[in-house]
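Report on the following structure.
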Amino acid sequence: MEIPRHWRLQKQRLALVGEVCPHCQAKIFPARDVCPECGGEAKTAFKFSGKGEVYSFTTLHSVPAGFEENAPYTVALVKLDEGPIITAQLTDVGEREVKIGTPVEMVTRRIRQDGDERGMLIYGYKFRPVLRMS
Amino acid sequence: MNDRENLLLKPARAVGIVGYGVYIPQYRLPASEILRIWAGDEGGAPVKEKAVPGLDEDTITISIEAARNALARAGIDAQKLRAVWVGSESHPYVVKPSSTVVAEAIGASEHIQAADLEFACKAGTEAVVAAMALVGSKMGDYALAIGADTAQGKPGDALEFTAAAGGAAFVIGPAENALATIAASYSYVTDTPDFWRRQHQVYPEHGQRFTGEPAYFKHVTAAAQTMLSQLGTTAADYAFAVFHQPNTKFPQRVARELGFSKEQIETGLLSPVIGNTYAGASLVGLTAVLDIAKPGDRILVVSYGSGAGSDAFDMRVTDLIEERRNKAPLTQQYIERRIEIDYATYARYRGKIVMK
Ligand SMILES: [Zn+2]
Chain V
0 MEIPRHWRLQ KQRLALVGEV CPHCQAKIFP ARDVCPECGG EAKTAFKFSG KGEVYSFTTL
60 HSVPAGFEEN APYTVALVKL DEGPIITAQL TDVGEREVKI GTPVEMVTRR IRQDGDERGM
120 LIYGYKFRPV LRMS
Chain G
0 MNDRENLLLK PARAVGIVGY GVYIPQYRLP ASEILRIWAG DEGGAPVKEK AVPGLDEDTI
60 TISIEAARNA LARAGIDAQK LRAVWVGSES HPYVVKPSST VVAEAIGASE HIQAADLEFA
120 CKAGTEAVVA AMALVGSKMG DYALAIGADT AQGKPGDALE FTAAAGGAAF VIGPAENALA
180 TIAASYSYVT DTPDFWRRQH QVYPEHGQRF TGEPAYFKHV TAAAQTMLSQ LGTTAADYAF
240 AVFHQPNTKF PQRVARELGF SKEQIETGLL SPVIGNTYAG ASLVGLTAVL DIAKPGDRIL
300 VVSYGSGAGS DAFDMRVTDL IEERRNKAPL TQQYIERRIE IDYATYARYR GKIVMK
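Sequences listed follow chains V and G, in order.
According to numbering that gives the first Met the number 0, the first sequence holds residues 0 to 133 in order.
According to numbering that gives the first Met the number 0, the second sequence holds residues 0 to 355 in order.
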């Protein structure tokens with residue numbers, strides 16, 4: 000059971016909340032309270048737009064424990080529009096071709112369950128190819 | 000009750016829909032696949048195909064995306080919401096609210112009302128009534144009401160053709176900021192055993208033919224007729240009508256009996272292509288109507304939930320619809336985002352394969 004850890008990470012995972020540096024305006028994800036750009040203290044919460052593009056990706060057929068139910072799936076490094084690069088699963092890919100540079104958007108999905116069917120459900124961000132808007 | 004004057008629920012402060020949003024999963028199971036597996040390709044089906052959730056989707060994730068779309072159209076900060084209510088019969092937890100996960104994911108305040116509602120397919124519209132009351136009484140300016148489901152049908156049962164996934168969310172707020180005002184609601188409920196699911200059971204039971212006449216038709220008709228007679232309106236006053244849609248034929252028949260034309264109901268009748276989204280059904284239909292409605296159009300919405308009851312709403316579209324509708328994906332865009340799956344994939348996605 001890892002309830003305290005899951006609970007601490009919740010806002011970051013559910014809503015893609017990181018930080019913005021008050022000194023140099025760099026956007027930071029995940030939150031680390033220290034700006035990686037200028038080294039200053041950065042504790043101001045910042046909600047990312049969820050838009051970005053695929054920076055690189057790989058499809059996993061043998062997956063880490065706890066993720067077997069979803070195999071196979073694609074994991075990508077996503078470059079967010081605001082700058083940071085984060086690792087996330089892609090979802091709803093279907094027959095669509097994923098390439099470096101494919102525009103993606105954040106969705107909140109069920110990531111896995113903690114332990115077995117009695118454990119808590121863990122929700123968090125994944126990215127999908129951008130839905131076509133009219 | 001003899002005081003027929005007071006049957007309608009009319010808020011003290013005028014209210015309406017400030018923003019609306021939908022979500023429909025991309026997978027589709029054609030009815031032909033169910034006929035192939037369970038009926039030797041023989042017989043007809045109540046819908047063409049239904050929407051199936053992916054492995055990482057459930058009522059919470061559906062609610063979150065629909066809510067984000069509703070907030071995008073409303074153009075308000077989620078911190079302004081005073082309530083988040085999620086109506087569903089497939090909340091992922093039996094005990095632990097869906098509404099708090101949704102509230103946190105959309106960035107709502109911690110100083111709010113939050114709860115899950117259950118009333119079979121009527122839970123979503125009941126959430127809308129509650130939101131109307133909260134805003135209409137001025138206890139809050141904005142409330143979020145959601146109807147969403149990932150319904151399960153017993154393999155081979157008639158309900159397997161239709162039990163689908165999807166949902167819709169509505170930011171209810173003051174009428175002056177609404178894209179559609181809601182003049183009144185009216186609800187009609189009785190204890191009717193047409194459909195149920197007991198604790199620890201995966202699949203629901205239903206009363207076969209009992210689901211029609213004494214259940215769906217009686218309640219939808221009573222709710223619609225009372226609403227019209229109390230308002231002094233007729234079917235001709237409405238540009239659109241949306242009825243709960245457990246299949247294709249029930250809403251078509253009840254509409255005809257109430258005097259509505261095919262043209263009035265076709266925009267909001269989505270069950271033929273996405274199935275029955277349960278607590279989402281009438282509300283998802285309403286989103287498709289709002290996607291194309293013009294200012295001034297009047298809309299009648301009537302839900303139905305087994306057990307049993309119907310909520311009816313009288314709405315009128317305002318000028319604000321034009322500037323808000325394209326701020327989130329349209330319902331038809333979600334319907335067109337379609338990946339057909341076979342029965343084996345469906346069985347895997349819906350957890351019908353025993354793994355241990
Ligand atoms: Zn900095």
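Even for Gly, the Cβ is constructed at its ideal location relative to N, Cα and C.
Values in this document were obtained by computation on a predicted structure and should not be read as measured data.
Residue of the options minimising C-alpha distance to residue i
{"i": "G/T189", "options": "G/I320, G/L6, G/A142 and G/G306", "result": "G/G306"}
{"i": "G/P271", "options": "G/S260, G/S184, G/G284 and G/Q263", "result": "G/G284"}
{"i": "G/D318", "options": "G/A177, G/A183, G/F259 and G/L54", "result": "G/A177"}
{"i": "G/V14", "options": "G/G295, G/E175 and G/Q229", "result": "G/E175"}
{"i": "V/T58", "options": "V/K78, V/I2, V/G49 and V/N69", "result": "V/N69"}
{"i": "G/I338", "options": "V/V92, V/L120 and V/T101", "result": "V/V92"}
{"i": "G/E256", "options": "G/H243, G/T233 and G/T220", "result": "G/T220"}
{"i": "G/I61", "options": "V/R108, V/K125, V/D115 and V/S61", "result": "V/R108"}
{"i": "G/A364", "options": "G/A179, G/P24, G/K137 and G/Y19", "result": "No answer is possible for residue 364 of chain G: the residues shown for chain G start at 0 and end at 355."}
{"i": "G/A38", "options": "G/A157, G/A287 and G/G211", "result": "G/A157"}
{"i": "V/V77", "options": "V/A64, V/E67, V/T101 and V/H60", "result": "V/T101"}
{"i": "G/I320", "options": "G/P192, G/V101, G/A30 and G/T180", "result": "G/T180"}
{"i": "G/P192", "options": "G/G350, G/Y185, G/Q207 and G/Q198", "result": "G/Q207"}
{"i": "V/T86", "options": "V/K125, V/Q112 and V/P35", "result": "V/K125"}
{"i": "G/V128", "options": "G/G86, G/E335, G/G42 and G/S97", "result": "G/G86"}
The beta strand (DSSP E) enclosing residue i, as first and last residue numbers
{"i": "V/E18", "result": "V16 to V19"}
{"i": "G/I298", "result": "R297 to V301"}
{"i": "G/M314", "result": "G308 to V316"}
{"i": "V/T58", "result": "K50 to L59"}
{"i": "G/Q207", "result": "From DSSP, G/Q207 is part of no beta strand (DSSP E); its letter is neither H nor E."}
{"i": "V/P35", "result": "First-last for V/P35: undefined, no H or E at that position."}
Residue range of the unbroken alpha helix (DSSP H) whose run includes residue i
{"i": "G/T58", "result": "T58 to A73"}
{"i": "V/Q24", "result": "Per DSSP, V/Q24 belongs to no alpha helix (DSSP H) and is neither H nor E."}
{"i": "G/G123", "result": "A122 to G135"}
{"i": "G/Q332", "result": "T330 to E335"}
{"i": "V/P3", "result": "I2 to R7"}
{"i": "G/V14", "result": "Counting along the chain, G/V14 falls outside any alpha helix (DSSP H), though it belongs to the beta strand (DSSP E) covering V14 to Y22."}
{"i": "G/A346", "result": "Y342 to Y348"}
{"i": "G/L54", "result": "Neither: G/L54 is in no alpha helix (DSSP H) and is coded neither H nor E."}
Beta carbon of residue i nearer than 8 Å to that of residue j
{"i": "G/F249", "j": "G/Y277", "result": "no"}
{"i": "G/A130", "j": "G/W195", "result": "no"}
{"i": "G/Y237", "j": "G/H218", "result": "no"}
{"i": "G/A82", "j": "G/T99", "result": "no"}
{"i": "G/G267", "j": "G/V241", "result": "yes"}
{"i": "V/G82", "j": "V/F45", "result": "no"}
{"i": "G/Q356", "j": "G/D290", "result": "No answer is possible for residue 356 of chain G: it lies beyond the span of chain G, which begins at 0 and ends at 355."}
{"i": "G/V170", "j": "G/L70", "result": "yes"}
{"i": "G/I340", "j": "G/Y22", "result": "no"}
{"i": "G/G155", "j": "G/V17", "result": "no"}
{"i": "G/L299", "j": "G/A183", "result": "no"}
{"i": "G/G152", "j": "G/A164", "result": "no"}
{"i": "G/G279", "j": "G/D148", "result": "yes"}
{"i": "V/S48", "j": "V/D80", "result": "yes"}
{"i": "G/E103", "j": "V/A30", "result": "no"}
{"i": "G/D296", "j": "G/F239", "result": "yes"}
{"i": "G/G166", "j": "G/A65", "result": "yes"}
{"i": "G/L34", "j": "G/E48", "result": "no"}
Supposed close pair residue i, residue j - CB separation, criterion 8 Å
{"i": "V/L89", "j": "V/V103", "result": "7 Å"}
{"i": "G/P45", "j": "G/F160", "result": "5 Å"}
{"i": "G/Y19", "j": "G/R72", "result": "6 Å"}
{"i": "V/T43", "j": "V/P21", "result": "6 Å"}
{"i": "G/A77", "j": "G/A107", "result": "5 Å"}
{"i": "V/G65", "j": "V/R111", "result": "5 Å"}
{"i": "G/L80", "j": "G/Y141", "result": "5 Å"}
{"i": "G/I145", "j": "G/V101", "result": "7 Å"}
Secondary structure, beta strand (DSSP E): runs of 3+ residues fully inside the segment 232-308 of chain G: Correct list: 239-242 and 297-301.
Ordered list of beta strand (DSSP E) runs contained in the segment 101-133 of chain V, each at least 3 residues: Those beta strand (DSSP E) runs which fall completely within the segment 101-133 of chain V and span 3+ residues are 102-112 and 120-128.
Completely contained beta strand (DSSP E) runs for the segment 143-219 of chain G, where each covers 3 or more residues: Secondary structure in the segment 143-219 of chain G: the beta strand (DSSP E) runs of 3 residues or longer, each lying completely within the stretch, are 164-173 and 179-188 in chain order.
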